[in-house]
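Student:
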Amino acid sequence: MEADGWEWLVAPIQKLISWSASAAIVFGGVVPYIPQYRDIKRTQNTEGFSTYVCLVLLVANILRILFWLGRHFESPLLLQSIIMISTMLLMLKLCTEVRVTNELNIKRRSFSAADSKDEEIKTPPKRSFLDFDLNYFWHWSKFADYVQCVLAFTGVTGYITYLFLDSIIFVETLGFLAVFIEAMQGIPQLYRNYQNRSTEGMRVMDIYLENHVIVK
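Start counting the sequence shown at 23; every next residue gets the next number (the working numbering).
(1) By Cβ distance below 6 Å, which residues in the same chain neighbour T176 in space, the five residues on each side in sequence not counted?
(2) Counting pairs of Cβ atoms below 8 Å between the stretch 38 to 47 and the stretch 68 to 82, do you hit three or more?
(3) So, helix, strand or coil for W162, using DSSP?
(4) Can you grab the Cα-Cα spacing for the pair P210 / S72, in whole Å?
(5) Report all residues from its chain with a CB closer than 6 Å to the CB of V235; omit the five preceding and five following residues, and keep chain order.
(6) Would you mind giving the Cβ-Cβ distance between L199 and T183, rounded to the nearest angstrom? I have them listed as a contact below 8 Å.
(7) Just to confirm, are T118 and F165 a CB contact at a threshold of 7 Å?
(8) Between Q58, L91 and I107, which lies nearest to F186 when the distance is taken from Cα to Cα?
(9) Residues in its own chain within less than 7 Å of I62 by CB, not counting five upstream and five downstream?
(10) Under the three-state reduction of DSSP, which class applies to Q36: helix, strand or coil?
(11) At what residues does the alpha helix (DSSP H) containing Q58 begin and finish?
(12) Please classify Q36 as buried or exposed, where buried requires at least 16 other C-beta atoms within 10 Å of its C-beta.
(13) Quick one: residues in its chain with C-beta nearer than 7 Å to the C-beta of H94, no 5 flanking neighbours on either side, listed in chain order?
(14) Here's the rule I'm using: 16 or more other beta-carbon atoms within 10 Å means buried, otherwise exposed. How should I203 be labelled?
(15) Cβ of V193 within 6 Å of any heavy atom in the ligand FMN?
(16) Let me know if L88 comes out buried or exposed under the rule of 16 or more other beta-carbons within 10 Å of its beta-carbon.
(17) What is the rounded straight-line gap between the Cα of P57 and the Cα of L99?
So, in structure tokens, the structure goes:
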């Protein structure tokens with residue numbers, strides 16, 4: 023009888039714990055990138071962050087959503103992928119704007135310091151997703167090019183998934199690739215740090231959060 027009397031309290035607590043766990047799953051993955059986004063916006067410097075991290079996470083989460091089409095998993099994980107894709111697109115938008123602005127500022131300083139009036143303004147060539155130049159892949163001048171690339175990848179992989187959705191081997195391969203690629207998210211940042219010979223722009227707390235907050 024006494025146990026039944028506590029049901030009015032136990033049930034709401036269980037729901038609160040369940041909702042909290044779901045919220046941690048949905049939003050936990052993007053937590054490390056909030057301070058990173060703020061730092062880039064404040065310093066107007068992207069040297070400490072590799073945009074290839076965004077590429078890896080975009081590919082991994084798109085594949086995970088396609089995997090969900092063949093084998094449904096928990097809704098919070100699906101929402102996590104959608105929010106992560108949105109977050110990575112926001113990061114790319116900011117990084118692209120900052121990089122282009124910095125390039126223009128450098129050119130303006132060079133022009134203003136020039137003694138010769140005949141010197142022409144030399145601006146860096148604009149790179150586009152439609153250039154198909156692998157040397158400048160993922161280094162485009164407009165955010166729209168990144169969106170086009172993501173949409174093209176989603177369209178191609180989505181169509182292939184539609185054709186082979188009944189194949190268990192194909193669906194499981196999608197799931198494996200999603201997990202495997204996501205596990206590689208740290209490699210682009212390590213390579214950027216190696217190139218810069220510095221960890222400036224990285225946050226120790228971000229590394230901790232990436233390894234402990236993300237619940238899967």
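Each residue gets a CB set at the ideal place from its N, CA and C atoms; glycine is no exception.
Tutor: Inspection of the coordinates gives the following:
(1) I84
(2) Short answer: they don't touch.
(3) coil
(4) 6 Å
(5) Note that V235 has pLDDT 41, beneath the 50 cutoff, so the model's placement of it is unreliable and the number below is only indicative. Closer than 6 Å at the Cβ level, and outside the excluded window around V235, lie G50 and V53.
(6) With 8 Å as the limit, L199 and T183 do not qualify as a contact, their Cβ atoms being about 12 Å apart.
(7) yes
(8) L91
(9) T68, F71, L116, C117 and V120
(10) helix
(11) Y55 to T65
(12) exposed
(13) none
(14) buried
(15) For the structure depicted, the ligand FMN is absent and the ligand set is empty, with no information on it obtainable.
(16) L88 is buried by the Cβ-count criterion.
(17) 23 Å
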